[in-house]
Every structure is written in structure tokens, then in C-alpha cells.
Amino acid sequence: MKMKNILNSLFPWLAVTTLLSLQGCENEEGTAIHSRDTVSFEIDAGGARATETTFETGDAIGVYAAVRMSSAPATLKTSGNYADNKRFVWNGSQFVADGDANEIAAGYETDYYAYYPYREDMGNPLDYDFSIQGDQREGITLSDFMYAANRSGTTDKVITLAFSHRLSRLQVTYTPEAGEALSGVTIQRAKATANINLGTGTANTLGATSDIRMYNDGGTFTAVIPAQDRDADGTFLTLLFADGTKKDYTLTAKKEFLAGHTTVIPFMGKELQYTFTVSPETIGSGYSGGIYNYETVSNKYYSINGKPLPGTESPLDYTVSTTDVWITPDKAGKTIKVAENLNTAPRNGKVLFTQAESGRTYILPVQQSSATTRQTLQISTTAGNIPAAGGNKAVTAVLSTYYNDHRDPDKKENVTVSLSGTGTGFSLSGNQVLAVNNTTTNARSITVKGSYNGITSDNSLTITQDAGAKQYASWSDWSVTVSANPETVANTGGTSVITADAARTRAWTWNGVGGSGGTETDRATPSLSAAGSGFSLSGTTLTAGNNTTTSERSCTVTATHAGKSATCTVKQPAGTTGYGDWKVNISASPTTIAAAGGTSTLTCSAARDVYTNGVKTGTETATPVISGSAAGFSLSGKTVSAGNNTSTSTRSITYTATHAGKSASCTITQSAGNRQYASWSAWNVTVSANPATIAASGGTSSISAAATRTRTWTWNGVSGSGGTETDRATPSLSAAGSGFSLSGTTLTAGNNTTASERSCTVTATSNGRSAACTVRQSAGSQTTEYGNWTTGSLSVSASPSGIGSSGGTSRLSATASQSRPKYTKWNGITTGTTTEYRSVDVSSSASWSGSASGFSRSGTTVTVAANGSTSSRNCTYTASYGGKSGHVTIHQDGKPADVITYGYIFTLGAVSGDDVVSTGGTVTYSVTSQKITYTNGSETSRSNIGWSASANVSWISAGTNSATVSENPTTSDRSGTITLTQNESGRKLSITVYQDRKVSVDIN
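Here the sequence shown stands for residues 51 to 1054, where the numbers follow the numbering used here.
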């Protein structure tokens, strides 16, 4: 086998994942289809990795085969398998058996296991020690152990295999210094043997070590070794040069060599390196600016293979500059001064650092925030208060602008503001504060703020108005008034209240403002005096005694103050004669008259008092008028008569005595009347029936019954005043007679189901007395009648009800279940009903309906044609008879359908770049994803289906055919897994991606 080398340092070597062909074939029953054809093997285009590895004609592989005994994969045994270590050779397109002895028969459900290179001494496929060649200078082919397995249980003749490498490949590149020529490289103390298990495909490295001489492929040295770890202890590689000298190299850290991966270790000569860094990475300054420190590292040194050579490091100078006038760098002090920003926009600048000799530059960005701005508004007014009589004050304002809290003298201006604020007596107009006349004795004020273009003044002003004062005119003369209440006192005497007042007035204003004031009144209490016979004055009360004369008299009251006076007069009329009210009385004796009648006598009077000037001097009398009426009563003079009371209630009459509008009353009552009875007569009972005869079919008769007795009576024992009283009762009824029933006063006779007349005696009973009547019923007659036959249900069937897909006939039948009633009648009335039943075949007389494609009917015979479809079909027939219907469905099977099954192929092809350098890279891979359709066990179509990709680590971004690996920032190797998932089947493939840190070695 010929190998083609890829020089990328950390790209993958060959595919890690084994890919299998999943094609198979089964018959309808699921058993394998066997043949005696022999198998051959083709290489999966992806798995063969044609860009790196190609098989050459004559290359040989070893094959083991295990036949399945069930659906589960077969187990590979140490020996006695279906095929053991069969040798197959490459003919340019396939691996074919190397002679008849190595043939393997196809047709069985078989799992295959293959390896390269072929070893005749492969004894136990589950435990075989494979050793690499110690001298690989002629090539690595015979040391490159590869493995493939197809565990699909395939019966195909051509089996697809995808080989993958089970060992690790190491590549060494060297960049010589002038005059050097590398002739060979040896790996020291490498583990050289791996234990192989073909059942699992594992290759476990064993402990024995040896030196491995590497293959020179155009200046790149390559060797294959089992997967292993190497520590940084002792010589790892020895480089031999053409002049006979050699160099030993030791790893700087532990290194992992992974199965199926290529590890590249580069070597180079001495190289001049420069270091130039500046910190911080950026300067961020506020608007006020400031001084900021910085640090630099600037030196040069020599390195070999990226590792600095001790003692070669020396410092380098640098320059620092800027084109921004607001930035001032100070190299000596290692500071950068940023000036204050007075602009309203942020600004960006930069400082350029340039390393001497190398010319390397570093730009340090400087960012400064914009200046802060604010505006203030100050308001003011003139000194002094607003006068009490009213006035106004103007408010002025100054608008100032500040940058970073510094006031700009060019940004100060006088502006006209709008005012806000409230206060009693004040109003605002523009920048004016107005005050009206202050009509209080207190000063008052208003606090205002100004605003301009949305800016409110920082300060407020309090503007005060002086307190108001009243201004008065001269007093007027005093005015005296006096009055009495009442002005006339009764002739019997009494009092009058004297009211007197003295007042004077003057006008006034607030602060001398016309119309703002009013009139003020000053009051005093005048002195009082009285003149008049029969009157006396005490304070403001004037008292008059009883006027015992026949003439009117009066008194004059005078009120005096400050030389001014006024008078009023109080009068008292002459004395008079008067009378009291009339008083009327009336009474009766006796006040109650017996119920049988009687009399009562009335007594009445009227009188009043006589007064002279209010003093009683005598009494006046009169005879009142008497009135009153009521049923049963009469008045003659002063005698009241009552007749016999023929009611059970008391009765009364009220008499009223009246004189001069005054009256009095009294009431006479007669006791309630009472009936007096003689003894009761004996009870008399009567009873009758209507009708007395009831028809034989039954009916009712109404029973009438009564019970009565009498007695005589009088009112209060007065003869001739009463009458005769009748007492009635309802007799109880009873009936005796077969076929009769009594409910209340209704006698009911049922249907007479006998041929004889029958009767019933009804007896009425009350208070020990009784009477009877008889009701008769005519003899009965019996008859028998039948109803019509009716269909209760219809049973429908078909024989047979199922027809095969080839067609046939079926017979329809219908059976009616029928019934009719039988009636027994007495007197034309049904007294008993029974039912008679029968089943009748009505197939020929029933009405049939129903149709469907492929079905035809003639009478009760249904003919079904052959069904050419894979779907079954039905036809429902309905029979109707006697108002009932029934249904039956004839089913025909469909032609047997094709058996459709599916298989899937999901294999991984070429994988490139899965061993990635620390700076990152791209992993590419090809995938075969197909869906196979089998009809009745034979393949009928094949189509491509999609798949999805994912990764188990964040530093791998996986797509369907490639993945991007980001830079490894750590000092450790790392690995991740890309998982490909086939749509529909859910089958998965995985690719392991390895990423190395940067390799460095020590030179001894």
C-alpha cells in the first residue's frame, strides 16, 4: 500500500469512525435469502481516504466472518467462525479471495471483520500482539495497522468496508541552519507493540519499548507507533546530520500521541525575536482630563523552536508621539496628560509607540467623554415694598451657561421670564408682580419663581406689600330713638319694655382709596324718665296697675343723651264687665235597662259665671236642649223607654244636652237578648239512588241521604217573639253487594262478567236512625276478538357475508318477527288481552335496496366480481317489510398489497483536519446518507436524505460537512466530539477532534 503524506502539522491522519453498508434483503416472511455466490469487498469512498492512502494491487487484508443465528449481531470467536483469517487481495477495484481456499459464500446474514496488513500468524483474533517495524526507513506501510468491520448482518455479495487507522503517526519537520543537512531521525524508547481485538476494534498499547528509525518522505520524517504518552524525561528524538553529528531533543511537557491521529513536531534554527507591549490597552478619561501612567516592555532575544535562549535578551528603546494637541505624552515620566474637554462632544485620540530597530508600533487609543453643560437662571427685583394702596414690581432675569461647572462669561444674557407663584391680593403678568389695595392691617407677600425656555430659576423672590390703614371723616350729631312694646297695656294691668338708643356716624376708606371703605357707627345708652298716673318705670320696664276706672289713661317715656332727647307714649284702656263660659251637665238613672225592656230618667242643667272688671260677681243658668235616637229606644219628656231586645247583642243610645254652643252627653245601655228553647224532636233519616238500575257494562248511581230534627224558641221568654228551629246532619253511607263500591255519595258498579243480575243495598245512618235503598245491575254477556298481525323486527343475513378477492355469490334472506293481540270482552269491554307470535320468511316479498361497485343483485342472489384493487370493498343491502328494515353488509377482500420495507445507509467518508493546531482550523468530512426502499423484498428505489451535526464542546462549531475549531487559549491539549445524526433513522456517526497546544522542545 502506497502512502501519500500531508504536511499540515496537526491535521488528522485517517478516518477514526468505521462506516458500514446497511443494505440487506429479506423475503415477506423475514427469513434470509441464501445463495452460493462468494463475497468480495469494496472500499467506501469516504473511508478509504483516497487523498492520503491508496491500496495498490496485491495488497492483502485478513477477513473473519460470523453468521447470525438471530437478529442480534453475531459474536466473533477465537476460532471456528464462519470464516477465519481469509486472505483477500486488492485487484485495483475490490478485495477478492486469494484462491478457492479463501472464498467466503454469500447469502447468509453475516458480520465481517477485516484488518491490514495481512498476518498469516494471526492466531487469536481477539488477542493478537501486533508489533511495528523498528526500522521504518523503507516505509510505514507494514507498521500501519488498519481495521474495518461490517456488522449489518448483510447477505450481499459485495460488502462495503471503511478502514480506519488504529495506531498513531508522528511527523518531524526541521528547518536547518546554514550548512546543516539532516540525514535521519530516531524515536528513542517508543512502545512498539499493541494488543489487537478484532471483535471490538481496539488496539491496546503494551509496555515493551524500542528505538524506531523514521521514514524520510522528502525532508519530513514519519513513523507509525502505538498510541502512547511521553513524559518530558530523557531523550525523545535523536537527529543525525550528514556530517556525522547528532542532537538529542527532550519534550518540554508531557505529550499524548493518539490513535488515528498525526502529531507534527517542527524544529527550526536560531531566530531573532522581538517583544514590544504597552499597557494599558486603552485610556479612558473623563471630561476633566488627567495624567495617566503607562508601562512598556521592549526587548529582543534569540530563540530556537520558539523557546528563548538564555542570556540573549537585551532592551530596546522606543519613541512616543501624538498628533492630538490635547494629549501630551511624557516618555521620561511614563505618563500621558489629557487636557480638559470643553466641547460638548466626546473625542478620540491616539498615542503612537515605535520600537527601535524592529520598527514595531503600538497605538494606544485615548478616549475622552464630552464636557458637561448646564444653564442657570437668576431672578431679581428693585428694593422696597409695594405700597398698601397697590402697585407693581418688575422682575429681571440673567441666564448663565456653565461648561464642566465653569461659567462662560460670553454665555451670560438678560432674558424676560414668565413668573409663577400665588398670594392673596397679588397677580402675575409676564415679568410683572401686581398688588391691589391692601384692605387688611397686616403686610402680605408673594413668593415667585421665574422660567425661561423650560429652565426654572435657581432662586425665588419674596415681594411684600405694606399693611393697610383706615382713614376717617368727622362724627355726625347724636340721634336718639325710643319705643315701647307693647304700646297699650291691658286694663287689668301689665308691663311694657322700653327700647332706647343713641347713635352717631362717620365715613372711612382704606389707605385713602375712594370707594374702598364704608360708614362707622358710634352708639350710647340714653337715660329714661316716665310721666303718667298709675304707671311706674324700673330700668327699661314700664308697669301699669289694674285700671279700675271707666276712662283710658296713658304715660309718656323720655330718652335723653348728650343734649338730645326723644319720647314715646304707653296707653291703658278703661275697665269692663265680663262672663265666664257656659257649663252643661246631663245624666241618666238607671244607665242599664233589662233585655226584656224598661225605662230610665234623664237629668240636665246649664250655668256660667258673671265678672266685673275681671272679678266674679254672680252665676247665670239656662235649660239645655236634649237630643239622641237609636233603634229600640224612645224619649218622652225626660223618660227613656226600651222595648224587648230580640238580638244576642247589647244595644245603647247616647243623649246630648246642648246650650250656647256647649254640650254634654250620657249613654243608656240595654242588655243582650237571649233565646229560650223547647226540646228537640226525634231524628228523621231518608235515602234514595239515581238511577236505581245500572247497565251490565258498569256505571255509577248518585246516593242522596238526609237526617233532620226540630224545636221551638222565644226571645227572653216573651211569648210570640220566637219560632221553630231545624237541625240537619249528614248520614253515614254503607253498601252491601258484590261488584259494587261506594265512594262518598257515588256508588260504582263494575263490568258485570257474570250472566246473572246483581244488586246492592245502600244504608244511610245518623244518630241511631237509618234508612235503605236498593240499586240493581243487568246480567252480562261475553265475546272474543283478534287484532292484525304486525312486524316487530326484521332479521337480515347474507350467506356467505365475506367474499374473497377473486369474487363469488351470496344469498340474501329476511325473516319477519310478527305478533297480534287476542281480546276477551264482557259487555263489549275488554277484560283480558294475550299476544300470539310467529316468524315468517319474507325474503321474496321484502323490498331490497343497495349497490356498490363490483356488486350486483338478482332477487336475493348477489354476484360479486373479482377485486383488482388492493383495498377491500363492501356493499350494504337493506330489506324493508311491514314498516321495518334490516341491513347486512357483504365484504370483499382486496388484492394482497405489496410489502414495503426500508433500509438506511449512513457512513462517514473522508475526514480531514481532525487533529488541529492550537491556532484553530477547519475539519472537513464527507458523508453518505441514503434511504433504500424494498418492495416484496427487492430494492425498488434509493434516495439521499439529510443529516444534522452537533458538537459536545463550545469551541467546535459543527456543520453538515465541515466544522470550525477556534484557537486553543490553554496550555493543554484538548479533544471534542462531532456527532452526525441521520434524519428519519436517527443513526449517528461521531468524529473525535483533537487540538494541540503549540509544541516546543528543549535542545540539550
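Beta carbons: idealized from backbone N, C-alpha and C, even for Gly.
Residue environment, residue 952, which counts as buried when at least 16 other CB atoms sit within 10 Å
exposed
Notebook entry, point to check: Any idea if residue 1038 is buried or exposed, counting beta-carbon neighbours within 10 angstroms, 16 or more meaning buried?
Noted result: exposed
Per DSSP, what kind of secondary structure is residue 714 in: helix, strand or coil? strand
### Message
Quick test of your reading: residue 131 and residue 110, contact by CB under 8 angstroms. State the CB separation rounded to the nearest angstrom.
### Response
No, residue 131 and residue 110 are not in contact; Cβ-Cβ is about 19 angstroms, not under 8 angstroms.
Under 8 angstroms: do the segment 209-222 and the segment 267-281 share three or more Cβ pairs, one atom per stretch?
yes
>> Contact between the segment 807-826 and the segment 893-901 is defined here as three or more beta-carbon pairs at a separation below 8 angstroms; is this criterion met?
In response: no
*Examine the Cβ distances between the segment 685-699 and the segment 731-743 and report whether three or more of them are shorter than 8 angstroms.*
no
Coarse secondary structure for residue 1004, derived from DSSP in three states | coil
Do residue 1005 and residue 1012 come within 8 angstroms of each other at the CB atom, strictly closer than that value?
no
Ignoring anything shorter than 4 residues, give me the alpha helix (DSSP H) runs that lie fully in the segment 359-416, in order along the chain. none
Cβ contact check for the segment 191-203 and the segment 280-293: 3 or more pairs under 8 angstroms: no
Where do the ends of the beta strand (DSSP E) carrying residue 316 lie? 312-317
Let me check understanding here. Comparing Cα to Cα, which of 777, 490, 775 and 653 lies closest to residue 718?
653
Simplified DSSP state of residue 248, which is helix, strand or coil: coil
| What residue from 423, 164, 437 and 467 has the CA that sits closest to residue 458's CA? | 423
Legend entry - Nearest to residue 959 (by Cα), restricted to the options 977, 944 and 151: 977
Task: Cα-Cα separation, residue 219 to residue 312 - done: 5 angstroms
Q. Beta-carbon separation of residue 848 and residue 931 under 8 angstroms?
A. no
(Q) Using 8 angstroms as the cut-off, can you tell me whether the segment 834-850 makes contact with the segment 779-790, which would need three or more C-beta pairs spanning the two stretches below that distance? (A) no
Note to self: Taking DSSP's pairing of strands, which residues face residue 763 in a bridge?
What the structure shows: 727 and 773
How would you write the range of the beta strand (DSSP E) that residue 196 sits in, first residue to last? 196-204
field: Secondary structure of residue 231, DSSP reduced to three states
entry: coil
- Where residue 85 sits in the DSSP three-state scheme: With a pLDDT of 39 at residue 85, under the threshold of 50, the predicted position of this residue should be treated as unreliable, and no value is reported.
| message | Using only the alpha-carbon positions, how far apart do residue 990 and residue 172 sit? | response | 41 angstroms
Within the segment 661-687, ranges of the beta strand (DSSP E) (whole runs, at least 3 residues) = 665-672, 675-677 and 683-686
- Message: Looking at the strands, I want to know which residues DSSP matches up with residue 558.
- Response: 522 and 568
| Whole-number beta carbon distance between residue 660 and residue 1073, since they are thought to touch under 8 angstroms | Nothing about residue 1073 can be reported from this structure: the residues present for the chain run from 51 to 1054 only.
Within the segment 912-985, ranges of the alpha helix (DSSP H) (whole runs, at least 4 residues):
none
Next on the checklist: So, with DSSP's three-state summary, where would you put residue 719?
Outcome noted: strand
Item to check | Range covered by the beta strand (DSSP E) that runs through residue 221 | outcome: 218-224
Going by C-alpha to C-alpha distance, which of 411, 400, 430 and 412 sits closest to residue 418?
400
Does the segment 527-547 come within contact of the segment 590-603, defined as at least 3 CB pairs closer than 8 angstroms?
yes
So the beta strand (DSSP E) residue 734 belongs to, where does it begin and stop? 734-740
How long is the line joining the alpha carbons of residue 539 and residue 552, rounded to whole angstroms?
26 angstroms
key: Anticipated Cβ contact below 8 angstroms, residue 339 with residue 389, distance rounded   = 5 angstroms
Length at least 3, wholly inside the segment 260-334: the beta strand (DSSP E) runs in chain order
265-267, 270-275, 278-280, 287-291, 296-301, 305-307, 312-317 and 320-329
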